[in-house]
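Asker: Just so we're aligned, residue 0 is where the sequence shown starts under numbering that gives the first Met the number 0, counting upward by one.
C-beta: ideal position from N, C-alpha, C; glycine also.
Provided herewith is a single structure, encoded as structure tokens, for subsequent inquiry.
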Amino acid sequence: MTYHPKSEFLHVMRERGYMADCTDLQGLDAALMAGAVPAYIGYDATAASLHVGHLLNIMMLRWLQKTGHKPITLMGGG
Numbered sequence: 000m001t002y003h004p005k006s007e008f009l010h011v012m013r014e015r016g017y018m019a020d021c022t023d024l025q026g027l028d029a030a031l032m033a034g035a036v037p038a039y040i041g042y043d044a045t046a047a048s049l050h051v052g053h054l055l056n057i058m059m060l061r062w063l064q065k066t067g068h069k070p071i072t073l074m075g076g077g
């Protein structure tokens with residue numbers, strides 16, 4: 000039986016193919032439904048470049064924001 004998430008964020012992630020599997024989908028869904036969840040992504044601004052591999056994380060963080068949660072982006076140096 001397939002679990003159908005109640006949170007808008009997980010619904011979007013599954014609908015768009017961003018998630019293949021999750022160890023505790025129901026627990027994550029409950030946390031997302033309980034209130035605004037903060038999440039962060041960090042980047043090394045001194046690196047030679049950002050690449051397309053970073054785009055998935057950026058897009059997920061943007062969807063997190065669009066669905067009412069709190070995105071945090073950290074820029075630092077290595």
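Which whole-angstrom value is the C-beta distance of S6 and L31, which I expect to be below 8 Å?
Answerer: 4 Å
Asker: Is K5 helix, strand or coil when you go by DSSP?
Answerer: coil
Asker: Is it true that the CB of G52 sits closer than 8 Å to the CB of G75?
Answerer: Between G75 and G52, the CB-CB gap reaches or exceeds 8 Å.
Asker: At what residues does the alpha helix (DSSP H) containing M74 begin and finish?
Answerer: Counting along the chain, M74 sits inside no alpha helix (DSSP H); it lies in the beta strand (DSSP E) bounded by residues K69 to G75.
Asker: Here's a check: name, in chain order, each residue in its chain whose Cβ is nearer than 6 Å to the Cβ of M18, leaving out the five neighbours to either side.
Answerer: Counting only Cβ-Cβ distances below 6 Å, and skipping sequence neighbours, we find M12.
Asker: Which partner residues of I40 appear in the DSSP bridge assignment?
Answerer: T72
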